[in-house]
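As structure tokens, the structure follows; a few thoughts come after it.
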């Protein structure tokens, strides 16, 4: 394990920002911290960076503790949502700043800056000031600035959130290429599950100051551990145990032992197959055509369901349909909503 | 439907034009025209012809050069001290971590809440011949003259320096420092590479502002300047003492020069700041660093201690029997024995209310109208509306007396009236008020107005029911800003008061002239009480407004 956080706890007054959190990042790995705002993901990133003091717990890098080491001595790189380029310095000066602090000879700095500007595909902007660039350009420069010193870890704090959809997509691909090419262990904070799915080797899903589930994007999507993860990662139909027992008992096969309240069924919209059937016990309430897929809302014995099918579908509103669900597509998730509600 | 909409359109256009024309005509009459008159008078010769004779005469007079030399020396010394101290306080407030910053914030604005000559009065109580220091230590310090004036003006200018430098410091996002930190920059390096470049123009600007307000301030110079003549007192002597209006005009025009330079620097600074301001600035939260914060805290407390001592002693002295011999409590100094008594205080309150009400209304309709004009025209007129800030109060006052004391135009009827004093107070602070309201309008979401007019409301109705409530906090701020400035300003009105029509700041000066220093202190205390009270009311109204907004949302 390259970078680890062990049992990190952070309180702000009576508010628990982080509650006994442990995570790890492997050499060259791209890890996303995913969760809603206020879940503690940014606090965790800042603890690792050394920008926020840890109350208890430990951060280690290559087996060595970082406790008491100020941020400036950790040798990390960081990119913020707000670009945060130094407004009084040119682009070249921004990118070369970390090298200048390390007393690198001027000609080496210049070579490195030119190299990085080529890498971010903005070779012409060396002498401009940050205020003269677009948001997407500024964020590319911020990325170049962060990797200029060959950081031991790259930290990205919602780097794409301030950008337009189109620019966001482009930059997302570039970050991925760059990270793969350079192999820098990277930790990115995001609240966008799509972003996390596209970029991460490993997603750490957080809620209310704690890690809910960590795993590959595929694991989190296909085998969500809790109701929260199922809900946060894409859309799901979450159904109570007693409803399943009454109307589709064949889905109970995979269910772990436990009280009815403890686990809910999670069925992804694309896992439900529907067929027009006059005797079917589900009723089409609405059909939304989204081009590549259709989103159908149903009223059924299982409650209101959302179903997605590829392309257009030949159905009408108020038409009866029959449902078919493969027991393997029914996931049983821990009902964490019960715990948090109490 | 069609008829309704077309009639509404015409009405809206007429409203827009009216809104722009009325304040602009007033601006022309009470600002541009008087400034033109000053210029003309400075080149009008005694025989009625035009020429540069007055300038040559002034420039070759020893009195003028002495006053200029004194003003420069005093202005530059004041500049160095107040920029240094202001810089320390601004850094202390925004880049250091220590307790009691609320006290610093509260005390630092005190000089703005008192007539400028209060600093001078306080220094006299403290360091004058009968001051506590001389009495206590048996010294013979003479505070009148260069040092007294420099100290008084340094304290007077300090709030402005702190505000200007603070404004540029708060624009620097915490994340910039964090980025630098992670890249390996030590705190001192962060200060050198981030903080200093960012506040460079603000410091330069503050230096010029200090220089200008000190060389054009009349109150402190009149009270504590002694024999040390400066340009502000020189104009007064030329105009009021020697009735030499044209020479006064020459000095007035010359006082405009540094202001023009400062204006240029400020514009430069604003340009630099454009594109820098990110939408959601995360304020810098300094961590406690003992070797930095303890000395800074001590320095800040010492500086505000000086302000508090100088202003506090005025209040204190107004309640003791015989300064500095008998410190028994008394109200007797509040029984003003000078002719007129407190009438000038009531007149000043009335004038200030007039300036505040009329000014807020005019500024509102001007800003409202300007934003509906074609952009080019609007921008040109905005530059015009922002011009009065470039004219020092004493020059504006001179312009007024030259314009309104002359019987050649019907404007003469205003001479010697309270309306004229209200007008000069308003136009003296026109720029700040205008810019505040414009900021408010710029934050106003266009969609709200469109929603209102789509629902069929005419422009006038939209203005009253949608726009006014939205920018109400700005209007309240502007109203109280104009009120408080009018209460304490001296330089602008010194030429316009008459024995029948005095304002509070002038009365304080006359009381001091008459040797009734304790009564001058008592009168100052009353003025400060009124201003502090209005500041309190303003804060109360603003907090109630923001509460209502939260409640509605």
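Protein chains in written order, with full-length UniProt numbering: chain D, 1 to 342; chain C, 1 to 553.
The beta carbon of each residue, even a glycine, is placed where N, CA and C say it ideally should be.
Chain-order list of residues whose beta-carbon lies under 7 Å from that of residue i (same chain, five-residue window excluded)
i             : result
residue 241/C : none
residue 496/C : 397, 400, 401, 420, 421, 424
residue 412/C : 404, 406
residue 287/C : 97
residue 224/C : 120, 123, 124, 143, 144, 148, 149, 152
residue 70/C  : 228, 229, 230
Three-state secondary structure (DSSP) of residue i
i             : result
residue 128/D : coil
residue 330/D : strand
residue 215/D : strand
residue 83/D  : coil
residue 254/D : helix
residue 186/D : strand
residue 177/D : helix
residue 191/D : coil
residue 297/D : strand
residue 8/D   : strand
residue 222/D : helix
residue 343/D : No statement about residue 343/D is possible, as the shown extent of chain D runs from 1 to 342 and does not include it.
residue 2/C   : Note that residue 2/C scores 42 on pLDDT, short of 50, meaning its location in the model is unreliable and no value can be drawn from it.
Beta carbon proximity, residue i to chain D, threshold 8 Å
i             : result
residue 183/C : yes
residue 173/C : yes
residue 11/C  : no
residue 178/C : yes
residue 283/C : no
residue 188/C : no
residue 197/C : yes
residue 411/C : no
residue 194/C : yes
Residue i at chain C interface by Cβ criterion, 8 Å
i             : result
residue 187/D : no
residue 97/D  : yes
residue 102/D : yes
residue 72/D  : yes
residue 149/D : yes
residue 10/D  : no
residue 82/D  : yes
residue 353/D : Limits of chain D in this structure are 1 at one end and 342 at the other, which puts residue 353/D out of reach.
residue 88/D  : yes
residue 424/D : As shown, chain D starts at 1 and ends at 342. That puts residue 424/D outside it, with no answer to give.
residue 125/D : no
Contacts around residue i, its chain only, beta-carbon distance under 8 Å, and the 5 residues preceding and following it disregarded
i             : result
residue 224/D : 213, 230, 233, 236, 266, 331, 333
residue 340/C : 502, 507
residue 475/C : 360, 364, 437, 440, 468
residue 307/C : 107, 108, 110, 111, 155, 158
Proximity below 8 Å, CB of residue i to CB of residue j
i             : j             : result
residue 44/C  : residue 246/C : yes
residue 586/C : residue 372/C : Chain C is shown from 1 up to 553; residue 586/C falls before or after that span and cannot be answered.
residue 313/C : residue 126/C : yes
residue 72/D  : residue 181/C : yes
residue 145/D : residue 95/D  : yes
residue 491/C : residue 249/C : no
residue 2/D   : residue 23/D  : no
residue 127/D : residue 90/D  : yes
residue 122/C : residue 311/C : yes
residue 390/C : residue 259/C : yes
residue 466/C : residue 283/C : no
residue 260/D : residue 238/D : no
Cβ-based neighbour list, residue i, same chain, cut-off 6 Å, excluding 5 preceding and 5 following
i             : result
residue 130/D : 85, 87, 138
residue 301/D : 247, 281
Within chain B, the residues that residue i reaches when beta carbons sit closer than 8 Å
i            : result
residue 76/D : The question asks about chain B, but that chain is absent: this structure's protein chains are D and C.
Within 8 Å, do at least three Cβ pairs link the stretch 147-163 of chain C to the stretch 108-119 of chain C? yes
Using 8 Å as the cut-off, can you tell me whether the stretch 185-199 of chain C makes contact with the stretch 148-161 of chain D, which would need three or more C-beta pairs spanning the two stretches below that distance? no
Counting pairs of Cβ atoms below 8 Å between the stretch 162-180 of chain C and the stretch 88-108 of chain C, do you hit three or more? yes
Do the stretch 53-61 of chain D and the stretch 98-107 of chain D touch if we need at least three Cβ pairs shorter than 8 Å? no
Kindly confirm or deny that the stretch 304-318 of chain D and the stretch 287-296 of chain D touch, where touching means at least three C-beta pairs closer than 8 Å. yes
On the three-pair Cβ rule with 8 Å, is the stretch 317-332 of chain D touching the stretch 266-279 of chain D? yes
Check whether the stretch 228-236 of chain C touches the stretch 125-143 of chain C, taking contact to mean three or more Cβ pairs, one atom from each stretch, closer than 8 Å. no
Cβ contact (3+ pairs, closer than 8 Å) linking the stretch 187-199 of chain C and the stretch 66-84 of chain C: no
Is the stretch 519-527 of chain C touching the stretch 335-353 of chain C in the sense that three or more CB pairs, one from each, lie closer than 8 Å? yes
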